[in-house]
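In the numbering used here, the protein residues as written are 2 to 224. Each residue gets a CB set at the ideal place from its N, CA and C atoms; glycine is no exception.
The structure is reproduced here in structure tokens:
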């Protein structure tokens, strides 16, 4: 009976200890970086990057021990979310693969007007946290900026330093040019980006230092 009591007490103690450890786990709290904005998003800091010869590779085409030709490119996340959820859920596991490339765009977690606001806020939060995490590990990160409707302007431009180089996706925006241009101009007013990497062909009306990247070419990786 005494042995059973000791074992039970030990089990309870270990359970409490494990609970406390998990409660203080940084991957649970996600509070390890400098924050910015209304919702305390992790801040992606401005970094210097040479803007000549910008080429991108899709995260779904990235692989461990990639060829040198591909390592000279940046990695984009303008693909379905399920292809890159691990960068947030298991960031340490994917760090080795993505750290070999020239730079990373912060992951483009989906933002649609049909989503409730909390889901859109979550997508921005995950975007910024991953960017800050990669910067903490010495990687060059360009923040990807996304928006949905005017309501998202309350948070979607936070977590990015002023005058940073930013990236935007042009694929899919052609169906509602007015809404896209409204968000784009708001981004210019809020962030004042040094340059804007456009994944796809920009509209003629778009102002700023635009750097278009051919999205079809980004899928032609060297293997």
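For residue i, the residue or residues it bridges with in DSSP
i, result
"residue 199", "169 and 213"
"residue 1", "Because the chain in this structure spans residues 2 to 224, residue 1 falls outside the shown range and cannot be described."
"residue 143", "106"
"residue 161", "45"
"residue 19", "DSSP, once it has assigned bridges, lists no residue as partnering residue 19."
"residue 176", "Note: residue 176 sits in no beta bridge, so no partner."
Simplified DSSP state of residue i, which is helix, strand or coil
i, result
"residue 28", "helix"
"residue 104", "strand"
"residue 134", "helix"
"residue 45", "strand"
"residue 192", "helix"
"residue 95", "helix"
"residue 8", "Low confidence applies here, because residue 8 scores a pLDDT of 48, under 50, leaving its location unreliable; read the following figure in that light. Residue 8: helix per DSSP, three-state reduction."
"residue 51", "coil"
Other residues of its chain near residue i: CB distance less than 8 Å, five sequence neighbours each side excluded
i, result
"residue 15", "At residue 15 the pLDDT is 44, less than 50, meaning the model places this residue with poor confidence; the figure from the coordinates comes in the next sentence. Same-chain partners within the cutoff: there are none."
"residue 138", "96 and 100"
"residue 55", "75, 198, 212 and 214"
"residue 86", "none"
Residues near residue i in its chain [Cβ-Cβ closer than 6 Å; skip 5 each side]
i, result
"residue 154", "187"
"residue 162", "46 and 47"
"residue 208", "none"
"residue 79", "109, 170 and 200"
Residue i to residue j span [Cα, whole Å]
i, j, result
"residue 73", "residue 102", "6 Å"
"residue 171", "residue 113", "14 Å"
"residue 168", "residue 143", "7 Å"
"residue 44", "residue 214", "25 Å"
"residue 122", "residue 151", "14 Å"
"residue 140", "residue 75", "11 Å"
"residue 191", "residue 19", "43 Å"
"residue 203", "residue 181", "11 Å"
"residue 42", "residue 67", "32 Å"
"residue 179", "residue 147", "15 Å"
"residue 194", "residue 53", "17 Å"
"residue 107", "residue 77", "8 Å"
"residue 25", "residue 189", "38 Å"
"residue 84", "residue 98", "14 Å"
"residue 116", "residue 65", "34 Å"
"residue 128", "residue 105", "12 Å"
"residue 119", "residue 219", "32 Å"
Contacts around residue i, its chain only, beta-carbon distance under 7 Å, and the 5 residues preceding and following it disregarded
i, result
"residue 124", "110, 111 and 112"
"residue 216", "172, 200 and 201"
"residue 82", "110 and 111"
"residue 206", "182"
"residue 165", "47, 144, 192, 194 and 195"
"residue 88", "95, 108 and 131"
"residue 210", "195, 196 and 197"
"residue 23", "29"
message = Across the region 77 to 97 and the region 125 to 141, are there enough close Cβ pairs to call them in contact, namely three or more that are closer than 8 Å?
response = yes
inquiry  = Assess contact between the region 35 to 54 and the region 155 to 165, defined as three or more Cβ pairs (one per stretch) separated by less than 8 Å. Is contact present?
reply    = yes
message = Under 8 Å: do the region 21 to 33 and the region 49 to 65 share three or more Cβ pairs, one atom per stretch?
response = no
ask   = When the Cβ atoms of the region 173 to 193 are set against those of the region 54 to 62, are three or more pairs found closer than 8 Å?
value = no
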